[in-house]
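In my numbering, the protein residues as written are 112 to 983. These notes are about the structure you will find just below.
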Ligand code: 0A1
Ligand code: ZN
């Protein structure tokens, strides 16, 4: 669908190198009550490799005060000034451009550019926020050295930070002060950052292997220093890990992390001055869960790793976003696997991929890892670019092995340090270092959609031969009706009747098949008995794999597979198949069933001596959004009821085991965040959750006791979540007590909002509507919006309510929010991605809600793109 004012898309094929380079940037930033005056001095020179042309600078919401070239004020005939562009028609070959603008950070509710938050002023420049600070060729292939001087009132804003090293500071008249920072590294404008605020700081130092001392600082809201220790430890761990794993050292004298409560995303890797959402910095046992602690490790590492993969080597243009994001997610995943548990890390990655990226890849916003067109780049910070991008890097790692991958990384940095490059450059480094031809692999970067692989096995007893035949298809996606086959690494093992791995030749128990055509057969010789195949071990490729497993084969894999991922996977298939079959039964008015074999298989896992974290993952049922992808027409009520029915059946069948385990796993000693303890807590809380499926007052009382007595947020919140989903009054009691206790901890209030928005209770929408008016909610704060509204949008049964109430409610909130913060509004609009998978009545409600949104005058480009594509 298009409208008369459709914003124009941008295309990768139109990329042209910049006609002008900027070598140095000097910024003087003066914060005054009537706005901030930014004076910029740019050393500009013509790019000799490009045909001469005008200098085009980007800007947005800038009040231009003056323009000069080489000290001479620009004559009006020399330039064209628009709202969002400044074109200097025929500048000299090399010149100094001076511009002076006023900006209004206090009115900046988009949180892009320079904006006000509670404790001061902060920046967010990726991808196109720098143009909201000053006129600039705001594209990542223009890299410059920056010097920044900040001036502000000293008492209100004692902290003045920018990228690089502090070189001067001092007092000025009228109680003001200044600081000058010089960043010796050339960088694209999206990595620029400055902070003018009142903050406390936790300082530390780090010595690199080569002996360089780095000053570390974590800046947070006054009074929160006791919540910074974990992030500081994570930073130092990440630095050590990158040295040990990739030989990459920190190149900076100062590495600062600043936490801000108003932030659109998780965190930002600005050179030497990372700016983080408080959610990924602040943690203390009583306010943060084990999952929060682990996420902080991952996000701190992610931003630190960007210093090499993103900052030292950056992206030529925004189509290459996955060059830095896919690779950096892969690196943070590996860090997480090495730091915590490799097997549970992989399970969680895949669970996340299936819940978020697979639906994206099957919906109206589907795009390749390296998109070829976009309307609004902010809409492309997606699960596909990040998580599928990481899977693509992981497949390269699988195909060439760890050592060649390391050589590929070395080659990449040797070739491209200091450059802005493309995904092809990265793959070429891997190809050259390994000697492998990656031409057939490039489909993964170009093609959207999740390939579907079907496997068939046949065993020839006389020939002692097992033949595995694989076929692949990739469904059409917007703009890509016909798909080419992908090169898919399929890791395969064969389990013998005793559950042991068969020898696939030379003692190997896992083979990596390179599956690259529509259909291919792979033959395994010397196989003595019909095996059960263990396919796609460790999830070796981001595909959907179909194999017609029997229930007993899945139970065999669940009990014996030497690949822990596939043990988990077997359980997910067993549960998923049963839930879908039961959803169909319930929709026909029949009762749900639970075969004894499924209960027995679950008991075997529960009572096994596996790692508790693994047991918990194995007994966590697949999510509704993930299962919905397997239904031709989604019936969210039947799906929800079928999933709950299985949970109840498992609880009834394993009640004594859950209870015994709950008691056996009771904490010994005070809380500490540690992988093993976290695993035990996770399993114990899973037992509590299952017991409460039985809807008994005694188990609710037990949950309430845990809620009241816990010395840590993990156990307290798990009990709260159990009660908030259960019947009885205990949920309301706990919710009220939780808010009374934590109302002054913003991040804990977010949990309180989310647990209500995600609740199964029948009156959830009414509750969310009430919470919109609660003092705890604020539509201007992204974390609050994500906690309440996006969680509701992910509440499968309530968002997709048959009467359309969920759709109408969320669509109206998107409209309200669009006037404040288009990026966050567009993220919320993604809740509508899968509306076409539902019945015609729900579709009619969703279409009406989307059409009303689409018709609104003044819709942002961000929301327009999402809604327009949803309606196509
Ligand atoms: N590069 C950051 C993510 C990020 C992207 C955009 C932002 O604002 C619009 C903020 C952060 C990362 O990958 O961590
Ligand atoms: Zn990133």
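Every residue gets a Cβ at the ideal spot worked out from N, C-alpha and C, and that includes glycine. Computed from a prediction, not measured in an experiment: that's the story for all the values here.
Going by other Cβ atoms of all chains shown within 10 Å of its Cβ, with 16 needed for buried, is residue 161 buried or exposed? Under this definition residue 161 is an exposed residue.
Does the Cβ-Cβ distance between residue 297 and residue 264 come in under 8 Å? No, the pair does not count as a contact, with Cβ atoms beyond the cut-off.
Smallest Cα separation from residue 311: which of 305, 318, 328? 328
Indicate whether at least one CB of chain C lies closer than 8 Å to the CB of residue 204. Considering every chain present, this structure includes no chain C. It has just one protein chain.
What ranges does the beta strand (DSSP E) occupy inside the segment 152-219, keeping only unbroken runs of at least 3 residues that lie completely in it? 166-169, 174-180, 190-192, 196-199, 205-214
Beta-carbon proximity check, residue 803 vs residue 833, cutoff 8 Å: yes
Residue 937 to residue 118, Cα distance in whole Å? Roughly 15 Å separates the two Cα atoms.
Classify residue 114: buried if its beta carbon has 16 or more other beta carbons within 10 angstroms, exposed otherwise. The predicted position of residue 114 is uncertain, since its pLDDT is 44 and thus under 50; a value taken from the coordinates is nonetheless stated next. Residue 114 should be labelled exposed.
Could you tell me the distance, in whole angstroms, from the CA atom of residue 206 to the CA atom of residue 234? 28 Å
Once you ignore the five residues that flank residue 928 on each side, which residues in its own chain have a CB closer than 7 Å to its CB? 890, 896, 935, 936, 939
Determine the direct distance from the alpha carbon of residue 682 to that of residue 565, and round the result to whole angstroms. 19 Å
Minimum length 4: unbroken alpha helix (DSSP H) runs contained in the segment 476-559: 500-511, 513-527, 534-545, 554-557
Using beta-carbon positions only, say whether residue 170 and residue 204 come within less than 8 Å of one another. no
Going by the C-beta, is residue 413 closer than 7 Å to any heavy atom of the ligand ZN? yes
Compute the minimum distance between the beta carbon of residue 984 and the heavy atoms of the ligand ZN, and state whether it is under 7 Å. Here the chain covers residues 112 to 983 and nothing more, so residue 984 does not appear.
Alpha-carbon to alpha-carbon, residue 609 and residue 685: The straight-line gap from Cα to Cα measures roughly 20 Å.
Between residue 855 and the ligand ZN, is the CB less than 7 Å from at least one heavy atom? no
Please look up how many angstroms separate the CB atoms of residue 220 and residue 932, rounded, as I've assumed it's under 8 Å. 6 Å between Cβ atoms; contact.
Just to confirm, is the Cβ distance from residue 304 to residue 381 under 8 Å? yes
Where DSSP assigns a beta bridge to residue 650, which residues make up the other side? In the DSSP output, where bridge partners are listed per residue, residue 650 has none listed.
Mind checking residue 629: buried by the 16 CB within 10 Å criterion, or exposed? exposed
How long is the line joining the alpha carbons of residue 168 and residue 208, rounded to whole angstroms? 11 Å
Around the Cβ of residue 112, are there at least 16 other Cβ atoms within 10 angstroms (buried) or fewer (exposed)? Model confidence at residue 112 stands at a pLDDT of 41, short of 50, so the residue's coordinates are unreliable and nothing is read from them.
Roughly how many angstroms lie between the CA atoms of residue 215 and residue 794, to the nearest whole one? 50 Å
Tell me the rounded alpha-carbon separation between residue 562 and residue 646. Straight-line Cα distance between these residues: approximately 15 Å.
Residue 905 classed as buried or exposed, judged by whether at least 16 other C-beta atoms fall within 10 angstroms: buried
Is the Cβ-Cβ distance between residue 252 and residue 531 less than 8 Å? In contact: residue 252 and residue 531 (Cβ atoms closer than 8 Å).
Just to confirm the assignment: which complete beta strand (DSSP E) runs, minimum length 3, are found wholly within the segment 291-322? 305-308, 311-318
Exposed or buried, residue 284, counting other C-beta atoms within 10 Å across all chains shown (16 or more means buried)? exposed
Going by the beta-carbon positions, is the gap between residue 898 and residue 851 smaller than 8 Å? Between residue 898 and residue 851, the CB-CB gap reaches or exceeds 8 Å.
Checking the sheet assignment: what are the DSSP bridge partners for residue 630? For residue 630, the pairing in a beta bridge is given by DSSP as 582.
Going by C-alpha to C-alpha distance, which of 829, 881, 877, 870 sits closest to residue 398? 829
Compute every distance between the C-beta of residue 492 and the non-hydrogen atoms of the ligand 0A1, then say whether any falls below 7 Å. Yes, Cβ of residue 492 sits closer than 7 Å to a heavy atom of the ligand 0A1.
Exposed unless 16 or more other CB atoms sit within 10 angstroms - verdict on residue 122: When all chains shown are included, residue 122 counts as exposed.
Report yes if the C-beta distance between residue 758 and residue 712 is below 8 Å; otherwise report no. no
To the nearest angstrom, how far is it from the Cα of residue 457 to the Cα of residue 139? 47 Å
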